[in-house]
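> In my numbering, the protein residues as written are 7 to 303.
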């Protein structure tokens, strides 16, 4: 695992209609993410927040339901470039955002770098939702439900640059999903994107792969993390979430990270932001539970 985390703020909420996610990067900083990573002995750089240009391109989409496509396209390009450059320079991008639409850019940036490095990219999606719609299949029009389909190379992303190296089904793990509509379920069944976590991690190691981890607040049960507009009951508990993150750290496989969908307006005195920061600590080596965890190795 890289030991030079680079914080990249992406104050975005163009992928869904619940305002507030653009405050996410600031909330992570207030919750102490930089200080915690320094406490763990890591050399941390904070590059501040990316910013949209004053003028956005004109765009058109065959699906009239799609919302804020132009804004999302520009954010995708900005984040793709920032993540790719950070990896090329030997850093570990930690993208503080914003809604999950921006994984359209972060995963693409990681894929750009992996292709240049001659290594396969694997995607670990910690989320209550599969996010396997395309711009043509979405009925809500919310683009935060499309990144996995884009990364898998699905058709239906007119206006977006082709994904640099589509990620094969057996290189994608959707872990923690509970809310999947029938169209997404059929697509997932056809592609077989359902491996258990430990099987998936062994697969990454066996292929000498790079692994992008995308952690959504709704991976967590709303009882412990209410600051998300798409809560799904029955999500990961405090213990389950920390054990998952500690297991990921012990593999040493994670090369880039998203922290997404935090909406501080919906939070309870910052506890969701603090928990996401604590989980980032577990992903980077902090131990919360005293237990044997080397079963993966």
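Think of the CB as a built atom: it goes at the ideal place given N, C-alpha and C, for glycine as much as any other residue. The structure displayed is predicted, hence computed values, not measured ones.
Please list the terminal residues of the continuous alpha helix (DSSP H) segment that includes residue 51.
Careful: residue 51 lies outside any alpha helix (DSSP H), inside the beta strand (DSSP E) at 51-55.
> Output the boundary residues of the alpha helix (DSSP H) element that contains residue 36.
It spans 30-36 - the alpha helix (DSSP H) in which residue 36 sits, taken as one unbroken run.
> What are the partner residues of residue 283, as DSSP defines its beta bridges?
Answer is none; residue 283 lacks a bridge partner.
> Looking at C-beta atoms only, is the number of pairs between the region 250-269 and the region 104-111 that lie closer than 8 Å three or more?
Counting Cβ pairs under 8 Å, three or more are found: they touch.
> Which ranges would you report for the beta strand (DSSP E) in the region 106-138 if only whole runs of at least 3 residues count?
Segments of the beta strand (DSSP E) lying fully in the region 106-138: 127-132.
> Of the residues 110, 292, 50 and 279, which one's Cα is nearest the Cα of residue 165?
Nearest C-alpha to residue 165: 110.
> Are the Cβ atoms of residue 16 and residue 154 separated by less than 7 Å?
Contact: no.
> Taking only three categories from DSSP, how would you classify residue 181?
Residue 181 falls in the strand class under three-state DSSP.
> In angstroms, rounded to a whole number, what distance separates the CA positions of residue 167 and residue 138?
So the alpha carbons of these two residues sit roughly 18 Å apart.
> For residue 129 and residue 218, which I take to be in contact (beta-carbon distance under 8 Å), what is that distance rounded to the nearest angstrom?
Indeed, because the Cβ distance is near 5 Å, the residues count as touching under 8 Å.
> Assign residue 220 to one of three DSSP states: helix, strand, or coil.
Strand.
> For residue 115, which residues of its own chain have a beta-carbon under 6 Å away from its beta-carbon, when the five flanking residues on both sides are left out?
So the qualifying residues of the chain are 86, 89 and 90.
> Under 8 Å Cβ to Cβ from residue 140, same chain only, skipping five residues before and after it: list those, please.
Only 152, 155, 156, 160, 161, 162 and 163 meet the Cβ criterion.
> Is it buried or exposed for residue 77, if we count other Cβ within 10 angstroms and need 16 for buried?
Residue 77 comes out buried.
> Is it buried or exposed, residue 194, if we count other Cβ atoms within 10 angstroms and call 16 or more buried?
Note on residue 194: pLDDT 49, under 50, position unreliable in the model; the coordinate value appears next. Buried is the call here.
> In whole angstroms, give me the CA-to-CA distance for residue 98 and residue 213.
Approximately 20 Å, taken between the alpha carbons.
> Less than 7 Å between the C-beta atoms of residue 11 and residue 43, yes or no?
Yes, the pair counts as a contact, with Cβ atoms nearer than the cut-off.
> Could you work out which residue in 158, 215 and 135 is closest to residue 121 when comparing CA atoms only?
Here the closest residue by C-alpha is 215.
> Output needed for residue 169: all residues of its chain with C-beta closer than 7 Å, excluding positions within five of it in sequence on either side, in chain order.
Here the set comprises 114, 117, 156, 157 and 159.
> How about residue 30 and residue 268: are their beta carbons less than 7 Å apart?
Their beta carbons are under 7 Å apart, which means residue 30 touches residue 268 by this criterion.
> Identify the continuous alpha helix (DSSP H) that holds residue 153 and give its terminal residues.
Start and end: 153-157.
> Applying the 10 Å Cβ sphere with the 16-neighbour rule, what's the burial state of residue 245?
Classification of residue 245: exposed, given that the 10 Å Cβ count is below 16.
> By how many angstroms is the C-alpha of residue 223 removed from the C-alpha of residue 234?
Near 6 Å, if we compare the C-alpha coordinates of residue 223 and residue 234.
> Tell me the rounded alpha-carbon separation between residue 18 and residue 258.
Looking at the two C-alpha atoms, the distance is approximately 29 Å.
> Can residue 241 and residue 226 be called in contact, C-beta distance under 7 Å?
Yes, the pair counts as a contact, with Cβ atoms nearer than the cut-off.
> Mind checking who residue 242 pairs with in its DSSP beta bridge?
Paired residue(s): 226.
> Report back the beta-carbon spacing between residue 229 and residue 182 to the nearest angstrom; my notes put them in contact at under 8 Å.
Rounded, the Cβ-Cβ distance is 15 Å, inconsistent with contact.
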